[in-house]
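A.B. asks: Quick one: this structure, given as structure tokens, is what I'll be asking you about.
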Amino acid sequence: MLRFIIRILGNAVALYVAFYLVTGFVVSGSWEQYLIAGLVLALLNMIVRPILKLISFPLILLTLGLFTFVINMLILWLLDYLVTFVTIESFVALFWGTIIVSIVNLIFSGIAEVA
120 MLRFIIRILG
130 NAVALYVAFY
140 LVTGFVVSGS
150 WEQYLIAGLV
160 LALLNMIVRP
170 ILKLISFPLI
180 LLTLGLFTFV
190 INMLILWLLD
200 YLVTFVTIES
210 FVALFWGTII
220 VSIVNLIFSG
230 IAEVA
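This note's numbering runs 119 ahead of the 1-based position in the sequence shown.
So, in structure tokens, the structure goes:
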């Protein structure tokens, strides 16, 4: 349970960093919206991402794992579609937002492993 809470907080921080650094990646609202978006992103990563990875396993093998980046982009696009206060205005914003969210989540997953 503590790991899941750390992942939610990590997602919220990752979305804030992406909002701060990427033009066209907009999260409107206060810290509550960041936490809600972090929760939705954590649930998408927990439920949808494994299914997408299972379906696209041959592509992941063929591209030596690079297709997982496309899956991460799809998950972030689904977050934009599901949550009204998250807006990704362009493909470039989606691309750089995915990179930033992935890096920040990598850091927080290291923290979650220690906890």
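All residues carry an ideal CB built from backbone N, CA and C; glycine is no exception.
For T187 and I179, which I take to be in contact (beta-carbon distance under 8 Å), what is that distance rounded to the nearest angstrom?
C.D. replies: With 8 Å as the limit, T187 and I179 qualify as a contact, their Cβ atoms being about 6 Å apart.
A.B. asks: Does R126 pass the burial test, meaning 16 or more other C-beta atoms within 10 Å, or should it be called exposed?
C.D. replies: Classification for R126: buried.
A.B. asks: Could you check how far apart the C-beta atoms of I190 and S209 are, in whole angstroms? I think they sit under 8 Å.
C.D. replies: Not quite, the Cβ-Cβ distance comes to about 20 Å (not below 8 Å), so this is no contact.
A.B. asks: Would you list the residues sitting across from V145 in a DSSP beta bridge?
C.D. replies: In the DSSP output, where bridge partners are listed per residue, V145 has T206.
A.B. asks: Just how far apart, CA to CA, sit F138 and S221?
C.D. replies: The straight-line gap from Cα to Cα measures roughly 14 Å.
A.B. asks: Mapping DSSP to helix, strand and coil, what is T217?
C.D. replies: T217: helix per DSSP, three-state reduction.
A.B. asks: Can you tell which of G184, G216 and L185 has its C-alpha closest to the C-alpha of D199?
C.D. replies: Among G184, G216 and L185, the Cα nearest to that of D199 belongs to G216.
A.B. asks: My guess is that G129 and F204 are in contact by the Cβ rule of under 8 Å, so how many angstroms apart are they, rounded?
C.D. replies: Contact flag wrong, Cβ pair sits at about 19 Å.
A.B. asks: Thinking C-beta only, is Y153 closer than 7 Å to A131?
C.D. replies: Closer than 7 Å, so yes.
A.B. asks: Name the two residues that bound the continuous alpha helix (DSSP H) containing M192.
C.D. replies: Element bounds for M192: F186 to L201.
A.B. asks: Would F123 be called buried (16 or more neighbouring beta carbons within 10 Å of its own) or exposed?
C.D. replies: It counts as exposed.
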